[in-house]
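Protein chains: 2
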Amino acid sequence: MEKSVLGVEKRKSVAVPEPAIRRMPSYLTLLRQLRNDGLEYISAPRLAVHLDIDPTQVVKDLAYTGATGRPRIGYVVADLIEILEEFLGFNRKHEAFIIGVGFLGSALIQYQGFREAGMKIVAAFDTDKKKIGTDIAGVPVFDLAKFRDLAGRLHITIGIITTPAASAQQIADLMVGWGIKAIWNFAPVSLKVPSHVIVQNTHIYSNLAVILNKLEQLKKAE
Amino acid sequence: MEKSVLGVEKRKSVAVPEPAIRRMPSYLTLLRQLRNDGLEYISAPRLAVHLDIDPTQVVKDLAYTGATGRPRIGYVVADLIEILEEFLGFNRKHEAFIIGVGFLGSALIQYQGFREAGMKIVAAFDTDKKKIGTDIAGVPVFDLAKFRDLAGRLHITIGIITTPAASAQQIADLMVGWGIKAIWNFAPVSLKVPSHVIVQNTHIYSNLAVILNKLEQLKKAE
DNA sequence: ATTTAATAAAGAAAAATATCTTTATTAAAT
DNA sequence: ATTTAATAAAGATATTTTTCTTTATTAAAT
Chain A
19 MEKSVLGVEK RKSVAVPEPA IRRMPSYLTL LRQLRNDGLE YISAPRLAVH LDIDPTQVVK
79 DLAYTGATGR PRIGYVVADL IEILEEFLGF NRKHEAFIIG VGFLGSALIQ YQGFREAGMK
139 IVAAFDTDKK KIGTDIAGVP VFDLAKFRDL AGRLHITIGI ITTPAASAQQ IADLMVGWGI
199 KAIWNFAPVS LKVPSHVIVQ NTHIYSNLAV ILNKLEQLKK AE
Chain B
19 MEKSVLGVEK RKSVAVPEPA IRRMPSYLTL LRQLRNDGLE YISAPRLAVH LDIDPTQVVK
79 DLAYTGATGR PRIGYVVADL IEILEEFLGF NRKHEAFIIG VGFLGSALIQ YQGFREAGMK
139 IVAAFDTDKK KIGTDIAGVP VFDLAKFRDL AGRLHITIGI ITTPAASAQQ IADLMVGWGI
199 KAIWNFAPVS LKVPSHVIVQ NTHIYSNLAV ILNKLEQLKK AE
């Protein structure tokens with residue numbers, strides 16, 4: 019934990035390890051399920067068995083959220099859910115734009131699960147005349163060309179890119195110009211953006227590469 | 019590097035770090051683009067700038083594939099592409115089943131990009147009568163019920179799960195029974211499978227959690 | 001031919017992450 | 001009331017991954 023000269027914790031010290039953040043939604047999903055099953059308390063070791071991870075890791079991850087459990091009992095399921103939702107921001111509203119209304123884009127627009135995380139896609143953009151003017155699950159599809167020179171800053175913070183790889187960078191530039199603060203990129207490219215803009219990549223090929231590599235190792239081990 | 023009693027390297031020693039595997043498709047995508055732009059040679063430092071990662075990391079990642087470059091010149095783009103494709107298995111054929119023909123399932127079935135990686139979804143399964151009997155982009159949708167007791171082992175190695183979370187585990191059990199070797203799970207649950215079966219999770223919430231967390235940190239830093 | 005600068009490659013160090021160990025707590029059993 | 005066993009929490013260790021450093025190579029410039 020980094021300390022400043024005066025001994026006061028720096029803001030940076032709030033940072034929670036990314037792997038821990040990535041695990042938290044799994045805890046939340048499992049806990050919601052356990053709550054629906056009527057469970058009141060759950061211990062870290064039991065959560066660990068469910069999720070097949072190290073028990074102490076569960077304790078540490080949960081400690082980051084400020085949750086405290088009681089020995090011999092564990093955590094109060096309902097409380098832990100609330101704490102996690104609050105910590106992850108899943109109980110707040112997050113509005114997003116999506117650019118690229120292909121198969122993946124449509125799927126994300128229609129994905130009901132985002133509601134569980136407070137995220138709402140409020141508008142979609144594309145260059146395809148056939149798609150412009152339609153709406154997908156209530157989300158209107160606009161002509162990207164008309165929004166190129168969008169004046170003024172928007173209150174939308176998240177931009178989702180589901181365009182082909184070739185146009186992803188220029189879309190990212192556009193989003194930066196719009197004042198988007200975080201870009202969720204599904205196109206298989208690395209985007210160049212100013213340092214104050216967050217980029218989160220979801221590269222489908224990376225996952226596939228890991229699968230194929232493990233399969234290959236399995237073959238070799240035979 | 020683990021050694022056996024006799025000092026001979028164990029098979030396990032072939033293992034390449036997963037983070038390196040995850041980065042490799044990015045190299046491949048970029049290299050294909052550079053090749054299309056007519057570039058013949060590329061050095062690791064230049065690749066590093068493109069991808070915004072450490073130059074030595076690029077060298078090390080590429081070294082895992084067996085690729086060798088020349089000082090002052092770099093790597094031969096065309097050769098490197100081939101080496102990476104071979105290493106990742108993207109130049110071989112990988113057939114897969116998908117279970118769950120919702121928005122995400124349909125999107126994956128229609129996703130042309132999988133061809134770039136040699137993966138082909140050959141059949142889809144669902145329990146929805148409306149979907150059964152149809153086909154999506156040439157991929158037939160079968161009644162899952164009819165395949166429950168599929169006799170004998172299949173030559174299909176990869177099973178993709180895009181069902182709701184609630185049914186994911188039973189689908190995984192089914193796939194294990196079919197002799198599927200690797201499961202690519204998009205449902206937000208941890209699957210319990212025998213140790214010889216590979217599970218790769220693509221949890222959309224994890225990515226979202228990271229984005230929201232970074233946004234939160236950004237806010238705090240203001 | 002010699003020098004120079006860019007680079008691959010190998011090795012060392014640092015940072016991040018996960019796992020293991022110990023201690024203190026506390027509900028339940030005795 | 002006392003003991004026991006399960007557990008959270010804190011700390012230490014180990015592992016993994018990344019970054020830094022050094023060395024050797026080689027194409028291009030002199």
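Just so you know, the sequences run in chain order A and B. Going by the working numbering, the letters in the first sequence line up with residues 19 to 240, in that order. Going by the working numbering, the letters in the second sequence line up with residues 19 to 240, in that order. C-beta atoms are modelled at their ideal positions from N, C-alpha and C, and glycine is treated no differently.
Residue interval of the alpha helix (DSSP H) (run including residue i)
i, result
"A/K199", "No alpha helix (DSSP H) holds A/K199; DSSP gives it neither H nor E."
"B/N231", "I222 to A239"
"A/Q51", "E36 to N54"
"A/A107", "The sequence shown places Gly at residue 107 of chain A, rather than the Ala named in the question. Unbroken run through A/G107: none, as it is neither H nor E."
"A/Q75", "P73 to Y82"
"A/Q128", "F121 to Q128"
"B/A62", "A62 to L69"
"A/F165", "L162 to F165"
Euclidean distance between Cα positions of residue i and residue j
i, j, result
"B/S12", "B/I39", "Here chain B comprises residues numbered 19 to 240, so residue 12 of chain B is not present and cannot be evaluated."
"A/R50", "A/G131", "13 angstroms"
"B/G107", "B/E134", "11 angstroms"
"A/E100", "B/P206", "18 angstroms"
"B/I14", "B/A114", "The question about residue 14 of chain B has no answer, for chain B in this structure spans 19 to 240."
"B/R166", "B/L192", "7 angstroms"
"B/G120", "B/I150", "12 angstroms"
"A/T180", "A/I116", "7 angstroms"
"B/R64", "A/P63", "47 angstroms"
"B/K147", "B/K164", "12 angstroms"
"A/L98", "A/A85", "7 angstroms"
"A/N124", "A/A142", "Here the sequence assigns Ser to residue 124 of chain A, which means Asn is not the residue at that position. A/S124 and A/A142: Cα-Cα distance of roughly 9 angstroms."
"A/T83", "A/L209", "31 angstroms"
"A/A66", "B/F204", "20 angstroms"
"B/I198", "B/V140", "14 angstroms"
"B/L122", "A/A186", "21 angstroms"
"A/Q242", "B/H68", "Lying outside 19 to 240, the shown extent of chain A, residue 242 of chain A is not represented and no answer is given."
"B/L102", "B/Y45", "8 angstroms"
"A/G195", "A/I201", "12 angstroms"
"B/Q218", "A/G118", "26 angstroms"
"B/Y9", "A/V94", "In the structure displayed, chain B extends from 19 to 240; residue 9 of chain B sits before or after that span and is not available."
"B/F105", "B/D72", "21 angstroms"
"A/G56", "B/V34", "43 angstroms"
"B/P43", "A/I222", "9 angstroms"
"B/E58", "B/I154", "39 angstroms"
"B/P212", "A/L48", "20 angstroms"
"B/A190", "B/P89", "49 angstroms"
"B/A4", "B/I127", "Residue 4 of chain B lies beyond the residue range present for chain B, which begins at 19 and ends at 240; the question has no answer from this structure."
"A/V157", "B/G156", "28 angstroms"
"A/K138", "A/V228", "31 angstroms"
"A/V112", "A/G136", "The sequence given here has His at residue 112 of chain A, not Val. Whole-angstrom Cα-Cα distance: 6 angstroms."
"A/E161", "A/I178", "According to the sequence as given, residue 161 of chain A is Asp; it is not Glu. Straight-line Cα distance between these residues: approximately 16 angstroms."
Classification of residue i by the beta-carbon crowding that lies within 10 angstroms, buried from 16 upward
i, result
"B/I91", "exposed"
"A/D144", "buried"
"A/H214", "exposed"
"B/T74", "exposed"
"B/L24", "Here B/L24 scores only 32 on pLDDT, less than 50, and its place in the model should not be relied on; the value that follows carries that caveat. B/L24 is exposed by the Cβ-count criterion."
"B/N54", "exposed"
"B/L168", "exposed"
"B/E27", "Low local confidence applies: a pLDDT of 35 at B/E27 is under 50, so the model's placement there is unreliable, with the coordinate-based value given in what follows. Flag for B/E27 reads exposed."
"B/D79", "buried"
"B/S22", "Since pLDDT at B/S22 reaches only 35, below the 50 mark, its modelled position is unreliable, and no value is offered."
"B/N231", "buried"
"B/T252", "Lying before the first or after the last residue shown, residue 252 of chain B is absent from chain B, which here runs from 19 to 240."
"B/K30", "Because the pLDDT at B/K30 is just 40, under 50, the model does not fix this residue reliably, and the value given afterwards should be weighed accordingly. Exposed, because fewer than 16 other Cβ atoms sit within 10 Å of the Cβ of B/K30."
"A/A239", "exposed"
"A/F173", "The amino acid occupying residue 173 of chain A in the given sequence is His; Phe does not appear at that position. A/H173 should be labelled exposed."
"B/R110", "exposed"
Bounding residues of the beta strand (DSSP E) (the contiguous stretch that carries residue i)
i, result
"A/A243", "For residue 243 of chain A there is no data in the structure shown, the boundaries of chain A being 19 and 240."
"A/V217", "I216 to N219"
"B/I178", "I176 to I179"
Problem - Interface residues of the segment 91-122 of chain A facing chain B [CB-CB below 9 angstroms] - result: Contacts with chain B (Cβ-Cβ distance below 9 angstroms) from the segment 91-122 of chain A involve F105, L106, G107, F108, R110, H112, G120, F121 and L122, listed in chain order.
Handout entry: Contacting positions in the segment 181-192 of chain A - beta carbon closer than 7 angstroms to chain B
Key = Listed by position along the chain: A183.
Problem - Proximal residues, the segment 55-66 of chain A versus chain B, C-beta separation under 8 angstroms - result: For the segment 55-66 of chain A, the beta-carbon criterion of a distance under 8 angstroms to any beta-carbon of chain B is satisfied by none of its residues.
Problem - Contacting positions in the segment 40-53 of chain A - beta carbon closer than 7 angstroms to chain B - result: Residues R40, M42, P43, S44 and T47.
Problem - Interfacial residues, the segment 196-208 of chain A to chain B, with Cβ spacing under 7 angstroms - result: In summary, the residues of the segment 196-208 of chain A whose CB is separated from some CB of chain B by less than 7 angstroms are K199, A200, W202, P206, V207 and S208, in the order they occur in the chain.
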